[in-house]
Each structure stands twice: as structure tokens, then as C-alpha cells.
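One structure is given here, and the rest of the page talks about it.
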Amino acid sequence: MQPQQVSVIGLGYIGLPTAAVIASRGIKVCGVDVSSRTVDTINQGDIHIVEPDLDIVVRGAVMTETLRASLTPEPSDVFIVAVPTPFTGDHEPDLSYIQSAARAIAPVLAEGNLVILESTSPVGATEKLCQWIAEARPDLRLPHEHRENAQLSVAHCPERVLPGQILQELVANDRVIGGITPRCAERARDLYRIFVKGECILTTARTAEMAKLTENAFRDVNIAFANELSLICDDSNIDVWELIKLANLHPRVNILNPGPGVGGHCIAVDPWFIVSSNPEKARLIRTARTVNDSKPVFVVEKVLEAANQFKQPVIACLGLAFKANIDDLRESPALEICQELSRRGAGEVLAVEPNIAALPESVNATGFELTGLDDALERANVVVVLVDHDEFRSLERSRMNAKVVVDTRGVI
Ligand code: SAJ
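Numbering (this note's numbering), first residue to last: 49 to 460.
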């Protein structure tokens, strides 16, 4: 049976597209966020993030009144929790946003509701979500204690979409659906079948939690391999891009791309959840994190070396986002490099980020200036390519004449 209303808690990069896609299937969706600016923006039919085509889907859903945003949760049949799960200073998972979401929805939960955790989470987080709800609503039977006699169903269905392709991947990707009980998983599958064309595979909540962490740790380890190669090649005077191209001609070799480091809220974070749960055994996963986290330091040294050739170095940093063609600055190595160059007094630092009109207040922009591409290329004697945005890929090489180029993405 189709739900009458779905609530999505957290209207960020995952919650908003998910809310909009479900609304586009004709189901009433209430999107909940703690930011009144986000709520107002969405209720006006606009969006607060950059993601291809998301504006069109959100506008359509708001205009047809299937999607509404609100600061407080309201009674619904299904609650999808898509809030951040960052880590603390010592790389321990911070579940406080999930806990707040649990407390926020608890007063409006009713018998028969389905609660789905989509946030990437350490193993055991979905059970904790049950506990937090149970604490707030002792009158309701939760499945972590009452199994198939529970009054609520709770499942973990980790999001797996790639920023930049979220709308296609939300529909096309297979979903791993982990129930606290088999019945919980089945109920969650019925919800996802409304909009997912990929397969919906059922498992336990713990396995689903670990599956998501495994996917991102796998990618992190593979990028670390490419980044380590780039350091070795630099010492041996070998072009790493040519090397990888040649090695990848082997039918069973597929090396990823080196870069300035690994950013974003997922791959730079999630492997730590595995490390923190089992520090002794997760040696390779921890090393990969360390290799990738140390790459920005290497890039900064390279740029300082290049800048030292000039009396008055002007350094153009091309890109601040954590990867190509998005506006997301979370855990961005490009931003980190730009900030470190300014801090070290490397010269006049110009940052170019075509996907951002102004830097968010949360970003420390002391010592560098956000400027346009043409202006930066005209003024700079050192050009550092930090993100492979389309605008930079299509740059004419002649515009780099007489400049020292540090190309961390192999685009020039
Ligand atoms: N990167 C490289 N070299 C590469 C590929 C990526 O340096 O060859 C860097 C990127 O520049 C970026 C970082 O890695 O800084 C992460 O980018 P990404 O495109 O690999 O991944 P995300 O963080 O955008 O999305 C990942 C995806 N996970 C996997 O591919 C296993 C996505 O499917 C997940 O849904 C997402 O994490 C998430 O939310 O967990």
C-alpha cells in the first residue's frame, strides 16, 4: 500500500533529492530541516545546493503541492532520516544529528509507522536509533526489543548516489535494505520500490551499515594507491598520468586517478567508522586514509617550490570544491590547500570556483580572494589546478604560457 505521506528529515544533498523524487511520484512529502533559510528556499520552489536538474524536480513538486518543507516534523506514515554523520576530532563517529532527529520525530510517531535511516552510519547506529526512539516513546514497541511484535518498523537503507548524478542514481542504483527484523526490511523495500528501478536487496541493518562503509573504504583504498603512485612517480621523474594509462591497458588493472587528496563528506569520513570500530584489524583502511590525507601537504610544498621562482608570486588556485562540477566544499582538499598557501604566505592567492558566487561564512577565507577565471589567469604566474571542473578542462593551453603550472588532476 502506498504511504499517504512521507517525511524526510534533513534536506541536504541526499534528503532533498530523495524528498523531491518521492514527491514526483505523487506522494505527499514533508521535508524537515533545522535551517529556516533552507525551509524558506524550498517552499519558494528554489534549492540551496548545486545538483543537475534538482531545481526542476523541486520546483515541480512544490508547485503541485506534493512537496513542502517545514522546521518541525508532523505525523506521517514513513520517516526517512538523512542527516549528517560527521566524525569528531579523534575520528570517532558523531551520531548527535541522528539522535536529534530521533528526538524530533518521536512525538509524532504512531503505531504502524516505518522509520528508515539513510545516513551513512557505523555498525549499530540503526539499533541506537531504535533505542533513542524507545526512550522518548516508552509507549511504543520498537523492533530492536520486540522483534516482529513491534509497533514500528525500522530499517537502514544507505544512500549510494554520486553527487553530480544524484537524480539518475537515486532511481537506477540497486539498494541494500537492512531491517532490524525481516518484516522491517520488507516494509522498507515496498517504499523504495515506488521510485527505485534498480534491485532492492534485503539484509540485516548491521550488514547494510557495513556494506555502505565497505563501498567507500574500497574506493578510498584504491584512490590512495593512485595517490601513492603519484608521489613515487614525482621522485622518479615519471608522468603518473601516462604511467596509469599504460598500466590500465592490462585487462585486469584499473587504477583510479591521483588528485590533491580525497574530499567530500563520504569517502574522507566513512572509512574511519570501520577503523574506530576495529582499530587493530583495519590497518590497510587506516593507511589509505593517512595516504590520502597527506596528499594536500605534498601539493602545498610543490606550489611553494614553484612560487619561490618569482619575486612577487601570484598563485591562481583553480577550484575549491571537493570534486568536479559541484559546489560542495565539505572536507575539500582544494580548499585546504588554498587556505594553507595563504597561511604560509606563499604569495597573493586567487581562488577560482565557478560553482560558487560567494564563499560561505563558515569558510575561513583569510588571505585569499575569490575571483573569476579570466582575472586569475591574467594576474597569476603560478597556476594550480585543484579541481577538474569542465571550465578548466576546456582551457586553452596557450593561456598557461609563461606560467608555472602545478596540475594535481592531470587536465592541462
Ligand atoms: N577522487 C580522486 N580520484 C579518483 C576518484 C575520486 O582523487 O579517481 C576524489 C574526488 O576528487 C573527491 C573524492 O575522491 O575528492 C571523492 O569523490 P568520489 O567521486 O569518489 O565520491 P563521492 O564522495 O562524491 O561519492 C561517494 C560514492 N561512493 C563510491 O563511489 C563508492 C557515492 O556512490 C556514495 O553515495 C557517496 O560517496 C556517499 O554519499 O557515501
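All C-beta atoms, glycine included, are put in the ideal place defined by N, C-alpha and C.
(message) Here's the rule: buried if 16 or more other CB atoms are within 10 angstroms of the residue's CB, otherwise exposed. What is Val-11?
(response) The requested residue 11 does not occur in the structure, where the chain is confined to residues 49 to 460.
(message) Taking the alpha carbon of Leu-279 as the reference point, which residue from Val-339, Pro-65, Val-209, Lys-76 has its own alpha carbon closest?
(response) Val-339
(request) Leaving aside the five residues before and after Lys-350 along the sequence, list all residues of the same chain whose C-beta is less than 6 Å from its C-beta, in chain order. (result) Val-454
(message) Let me make sure I understand the geometry here. Which of Pro-51, Ser-118, Gln-52 has the alpha-carbon closest to that of Asp-81?
(response) Ser-118
(message) Per DSSP, what are the beta-bridge partners of Pro-29 in this structure?
(response) Residue numbering for the chain in the displayed model covers 49 to 460; residue 29 lies beyond these limits and cannot be assessed.
(request) Enumerate, from N- to C-terminal direction, the unbroken alpha helix (DSSP H) stretches of 4 or more residues contained entirely within the stretch 304–348. (result) 318–325
(request) Could you tell me which of Val-430, Cys-365, Val-452 sits nearest to Glu-417, measuring between CA atoms? (result) Cys-365
(request) Grab the span of the beta strand (DSSP E) containing Lys-76 for me, first residue to last. (result) 76–80
(request) Please report how far the alpha carbon of Leu-157 lies from the alpha carbon of Trp-320, in whole angstroms. (result) 32 Å
(message) Excluding the 5 residues flanking Val-411 on each side, which residues of the same chain have their C-beta closer than 8 Å to its C-beta?
(response) Leu-377, Leu-383
(message) Any heavy atom of the ligand SAJ inside 8 Å of the beta-carbon of Phe-440?
(response) no
(request) Taking only the alpha-carbon atoms, compute the straight-line gap between Arg-231 and Ser-201 and give it to the nearest angstrom. (result) 8 Å
(request) Please report the Cβ distance between Ala-154 and Ala-203, rounded to the nearest whole angstrom; I am assuming they are in contact, meaning their Cβ atoms lie under 8 Å. (result) Going by Cβ atoms, the distance from Ala-154 to Ala-203 rounds to 17 Å, so no, they are not a contact pair.
(request) Evaluate Leu-332 with the Cβ neighbour count: other Cβ atoms within 10 Å of its Cβ, from every protein chain shown; 16 or more gives buried, anything less gives exposed. (result) exposed
(request) In the DSSP assignment, find the beta strand (DSSP E) that holds Arg-116 and state where it starts and stops. (result) 115–118
(request) Using only the heavy atoms of the ligand SAJ, determine whether one of them is closer than 8 Å to the beta carbon of Ile-181. (result) no
(message) I want to know whether the stretch 105–117 touches the stretch 159–170 - three or more CB-CB distances under 8 Å.
(response) no
(request) Please list, in chain order, all residues of the same chain as Arg-295 whose beta carbon is under 8 Å from its beta carbon, the five residues on each side excluded. (result) According to the sequence as given, residue 295 is Ala; it is not Arg. Contacts found: Val-301, Ile-303.
(request) Using 8 Å as the cut-off, classify the Cβ of Arg-208 as near or not near the heavy atoms of the ligand SAJ, replying yes or no. (result) yes
(message) Going by DSSP, what residue range makes up the beta strand (DSSP E) through Cys-365?
(response) 362–366
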